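Each number in my numbering comes from the position in the sequence shown (counting from 1) with 13 added on.
We put the beta carbon where it would ideally sit given N, CA and C, even for glycine.
Here the structure is a predicted model, which means the values were calculated and not measured.
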Amino acid sequence: IIQKNLTAFATDPPLFWDEFAESPLAPAALVSANRTLIDPQTCGRVNIMGSIVQDSAPYLFPFIIEYSLIGAAVIYVMWRHIGRHASYYGQREEENELLIDANVIFQKAFQRYQGEEDLEQRLEVIMSRRVVALAQANAGRVDCVGASKGLFFGLLLLVGSLICLILFFVLVHHPQLGLLAIYLADVSHCALMGLSIIAIIIGFIRVQGLKFQGEEQSDLNDILQRVSAFGLFVYAVFSIIAGALTALTSEPNLLVMITGSLSVVEVVLQLLFIADIGRRRVHLPEHDRSKPGRQIVTFLLICNVTVWIIYTFETQKVIANPVQLDFYGFLAWSMVQRVTLPLCIFYRFHSAVTLAEIWKTSYKPRLD
């Protein structure tokens, strides 16, 4: 029977795909439920997980480089501390124990000065006791004094940037409005960098009254900050080169050059600002009330979170950088993005975490 059917099928004139689907000789595996022939060039299986992994790959790829960077930095710090003398750490533990028992020490000092006439010494002891009590009271709670304005303007900037990001994804696929989407993305990024630079300059002026302590900082944070900042610096320099050659004849190129230049300046200033304010502490009662510079720290924290969102969702698309794409070509610019963008994303996230730690620790009253 099979041989007879194959002979009849071979001798009949050739059928088109639709006619073949209606033919009783068509195998059931090649015909769908509505009697249309399944294209043999495609797979009839619906691969849901395959599409999810493929669509999420551009957003998950930076985590590989970020994890490798953190792992390498941790191993390097461990290697540096192998064999180091432990007396320094014993001294730190002794200082912490003295700080815990400071209340008892000042109580004894107050009793010693109680029988004397020196009012200045007695007042100094009382004020020191109040400082220690205030530090111990603030150890378990978060003080939000001096952060309202920075929080308000930062959230306002975050909402505006999210609106621009949504409009970018809506307009970038329209042939007539694609250029407008690129303009919108570059202008919002340029505004973010400009406002961050102004905020950092104001922050340098505000924190001058805080006491500078040249204590040893974490090597891990310094390494992560500098390496990731170098990646952002390289990305900005490549953008500047692409935009500078025809900056006077094309508005998008000029905008790309300005944004890249502002990014370089902002990265350098923010590195210096974080290194400076991370070593400053509150030491006067009026500083504890006014929290100088805390508004700027709050604003910069939200700015870094905003830029982190932009780098994660918008700049990952090669189509979002037409100037660089035309200058370097698809393959070269894609390689630059694959290497530098994960470092840019990590720098913004790590800067936000570092500023949050500074916001929490640098403005607590401490005993010096």
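A check of alpha carbon separations from residue 171 across 281, 254, 194, 204 identifies 204 as the nearest. Put simply, the stretch 303-315 touches the stretch 360-369. At least three CB pairs are less than 8 Å apart. In this structure, DSSP gives residue 377 a state outside helix and strand, which the three-state scheme calls coil. Comparing alpha carbon positions, the residue from 257, 242, 344 closest to residue 277 is 242. With contacts defined by Cβ atoms closer than 8 Å, residue 200 and residue 255 do not form a contacting pair. Counting only runs of 4 or more residues that sit fully inside the stretch 201-284, the alpha helix (DSSP H) segments are 232-257, in chain order. Following the DSSP letters along the chain, one finds residue 183 inside the alpha helix (DSSP H) bounded by residues 161-184. Listed in chain order, the non-local C-beta contacts of residue 280 below 8 Å within the same chain comprise 242, 245, 246, 249, 360, local neighbours out to five positions each way being set aside. For residue 294, the pairing in a beta bridge is given by DSSP as 224.
Residue 286 sits close to residue 216, with the two beta carbons spaced by under 8 Å.
Here the stretch 69-81 makes contact with the stretch 345-358; the two share three or more CB pairs at distances below 8 Å. The alpha-carbon separation between residue 316 and residue 73 amounts to approximately 23 Å.
With a threshold of 16 other beta carbon atoms within 10 Å, residue 220 meets it and is buried. Under the three-state reduction of DSSP output, residue 334 falls in the coil class, being neither helix nor strand. Less than 8 Å separates the beta-carbon of residue 198 from that of residue 333.
If you draw a straight line from the Cα of residue 176 to the Cα of residue 268, it comes to about 20 Å. Look at residue 189 here: in three-state DSSP terms it is coil, with no helix or strand label. Residue 275 and residue 210 do touch by the CB rule: their CB atoms are close to 7 Å apart, below 8 Å. Scanning its chain for C-beta atoms nearer than 6 Å, with the 5 sequence neighbours on each side dropped, one finds around residue 163 the residues 308, 311, 312, in chain order. Residue burial is scored here from C-beta neighbours: residue 340 has at least 16 other C-beta atoms within 10 angstroms and is therefore classed as buried.
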